[in-house]
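See below for the structure under consideration.
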Amino acid sequence: MVSRCSFGLTILSLTLHGLFVHLLFLVLILCDDLETCTPLCVIAFLFKLLGVRSSIFFLYVENVARVKKLSLSGFMHYKLRTADQLFVQWPQLQNKYPRAHYVGSLM
Numbered sequence: 038m039v040s041r042c043s044f045g046l047t048i049l050s051l052t053l054h055g056l057f058v059h060l061l062f063l064v065l066i067l068c069d070d071l072e073t074c075t076p077l078c079v080i081a082f083l084f085k086l087l088g089v090r091s092s093i094f095f096l097y098v099e100n101v102a103r104v105k106k107l108s109l110s111g112f113m114h115y116k117l118r119t120a121d122q123l124f125v126q127w128p129q130l131q132n133k134y135p136r137a138h139y140v141g142s143l144m
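The opening position of the sequence shown corresponds to residue 38 in our numbering, with each subsequent residue numbered one higher.
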């Protein structure tokens, strides 16, 4: 009988291995304001910093429901400059965050 701990570690190691292999062949990450894609984006950013893979391009699109301020993940990517380009869907957000790009409604 396999214990839950070893099963969990096996799943975790397979997930991390798949993630790293996936990132080696990845060219573009398009993240649309989901906190679930933030770990993938952070690992891709670390790959860029370490020189493992410098050609990954990361685009972050803020949710259309965010009118007055960025979401937590959007704010993190904005402040840490992990995203190559950050898109907002309201002009007042672009005024508040000058490095963000306003392109109108995308979704």
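Note that beta-carbon positions come from the ideal geometry of N, C-alpha and C, so glycine has one too.
Open item on the list: Tell me the residue span of the alpha helix (DSSP H) that contains residue 78.
Closed with: 75-87
Task: residue 66 versus residue 107: straight-line alpha-carbon distance, rounded - done: 19 Å
TODO: Tell me whether the beta-carbon of residue 126 lies closer than 9 Å to the beta-carbon of residue 142.
DONE: yes
Task: Where residue 115 sits in the DSSP three-state scheme - done: helix
Open item on the list: Taking the alpha helix (DSSP H) that residue 130 belongs to, which residues open and close that run?
Closed with: 128-133
- [ ] Evaluate residue 81 with the Cβ neighbour count: other Cβ atoms within 10 Å of its Cβ, from every protein chain shown; 16 or more gives buried, anything less gives exposed.
- [x] buried
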